[in-house]
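Read through the structure below, which is laid out as structure tokens, and then see the notes.
Residue numbers (the numbering used here): 1071 to 1372.
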């Protein structure tokens, strides 16, 4: 049995496609097929059921994938640690991130990492916490930075470890000529105005003050749903739309002009953590990125 065979097994299990797995490992489909067949012969059972339109793991394949992944990841950690000891950290970290920690927490951490370790590549995936955590458990991501409360009630919680990050206050951001700035508006007035929030919205009904209940119930909060906090800030700058972002991002956005910020109703703040698969080996590159994330989160919270 060879490590390369286990790598092919893991890729085929994850991608469910001989063509995609072969492309990932830069081999022909026939070569990858022979590798899987040889591994199956050594194990004495089929790892996959193959049809014209699908590749699905057998019971044996499902039972062995976790062990194969442990071996593949251990080899990756070994190779990256060897490269680090030779004088330069290398590796590829795949990280999932929610809308609030994407900027400036993640972007600042990546910039800090690149200054000292140019050989480390980082790929960022965005999406809902549930989808990101599912990808994490499938070993498609090394870690996920998202709201800690998003995973606590999920069945996956027992399989995860979480490094909680310092909280940062959330602030309301609006155009610097917004009518709500003309007088001390009541919270009801803020609730009636259109809001732009990233999807998935980092705040829910239980987070917002009671006057927002009517807007939530009517499906009017948020009124605009956009992919990123940057898009929400652009919309706020353009007109009467309100948005809510971490304080550090608001300070950065307001410096360029056209926007002002004010504190959000307490106790609204970020509640993020770094989610990792329990007992999974962490590569040197992953450990270095985690260190930068913790450092930057502390700086932003201060």
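Just so you know, even glycine gets a beta-carbon here, dropped at the ideal spot from N, CA and C.
{"query": "Indicate the three-state DSSP secondary structure (helix, strand or coil) for residue 1345 in the structure shown.", "result": "strand"}
{"query": "Quick one, are the C-beta atoms of residue 1281 and residue 1266 less than 7 Å apart?", "result": "no"}
{"query": "At what residues does the beta strand (DSSP E) containing residue 1339 begin and finish?", "result": "No beta strand (DSSP E) holds residue 1339; DSSP gives it neither H nor E."}
{"query": "Does residue 1349 pass the burial test, meaning 16 or more other C-beta atoms within 10 Å, or should it be called exposed?", "result": "exposed"}
{"query": "So, using beta-carbon positions, are residue 1299 and residue 1127 closer together than 7 Å?", "result": "no"}
{"query": "Assuming residue 1346 and residue 1213 form a contact by the criterion Cβ under 8 Å, report the distance between their Cβ atoms to the nearest whole angstrom.", "result": "5 Å"}
{"query": "Suppose you measure from the CA of residue 1308 to the CA of residue 1294; what does that come to, to the nearest Å?", "result": "13 Å"}
{"query": "How big is the Cα-Cα spacing for residue 1193 and residue 1301?", "result": "21 Å"}
{"query": "For residue 1148, does the count of other Cβ atoms within 10 angstroms reach 16, so buried, or fall short, so exposed?", "result": "exposed"}
{"query": "Can you tell me whether residue 1096 is helix, strand or coil according to DSSP?", "result": "coil"}
{"query": "Just to confirm before moving on: does the CB-CB distance between residue 1080 and residue 1167 stay below 7 Å?", "result": "no"}
{"query": "Does the Cβ-Cβ distance between residue 1109 and residue 1077 come in under 7 Å?", "result": "no"}
{"query": "Below 8 Å on the Cβ atoms is my contact criterion, and I expect residue 1271 with residue 1292 to pass it. Report the Cβ-Cβ distance as a whole number of Å.", "result": "6 Å"}
{"query": "Here's the rule I'm using: 16 or more other beta-carbon atoms within 10 Å means buried, otherwise exposed. How should residue 1123 be labelled?", "result": "exposed"}
{"query": "With a Cβ-Cβ cutoff of 7 Å, do residue 1439 and residue 1263 count as a contact?", "result": "Residue 1439 is absent from the model: the chain starts at 1071 and stops at 1372."}
{"query": "Are residue 1117 and residue 1131 close, meaning C-beta to C-beta below 7 Å?", "result": "yes"}
{"query": "Can you grab the Cα-Cα spacing for the pair residue 1186 / residue 1207, in whole Å?", "result": "30 Å"}
{"query": "Within 8 Å, do at least three Cβ pairs link the segment 1226-1242 to the segment 1335-1346?", "result": "yes"}
{"query": "Secondary structure at residue 1126, three-state DSSP: helix, strand or coil?", "result": "strand"}
{"query": "Cα-Cα, which of 1188, 1218 and 1102 is closest to residue 1202?", "result": "1218"}
{"query": "Run through the segment 1288-1370 for me and flag every whole beta strand (DSSP E) of 3 or more residues, listed as ranges in chain order.", "result": "1294-1296, 1313-1316, 1329-1333 and 1342-1347"}
{"query": "Which residue or residues does DSSP assign as beta-bridge partners of residue 1217?", "result": "1342"}
{"query": "Below 7 Å between beta carbons: does that hold for residue 1334 and residue 1241?", "result": "yes"}
{"query": "Over the uninterrupted alpha helix (DSSP H) stretch that includes residue 1181, give me the two end residues.", "result": "1177-1186"}
{"query": "Apart from the five residues on each side of it in sequence, which residues of its chain come closer than 7 Å, Cβ to Cβ, to residue 1198?", "result": "1270"}
{"query": "With DSSP run on the structure shown, which of helix, strand or coil describes residue 1234?", "result": "strand"}
{"query": "So is residue 1121 buried or exposed if we call it buried at 16+ other beta carbons inside 10 Å?", "result": "exposed"}
{"query": "What does DSSP give as the partner residues of residue 1140 in its beta bridges?", "result": "According to DSSP, residue 1140 bridges with nothing at all."}
{"query": "Reducing DSSP to helix, strand and coil, say where residue 1271 ends up.", "result": "coil"}
{"query": "Determine the closest residue to residue 1137 out of 1098, 1107 and 1083, with distance taken between C-alpha atoms.", "result": "1083"}
{"query": "What span of residues does the alpha helix (DSSP H) with residue 1078 cover, start to end?", "result": "1073-1085"}
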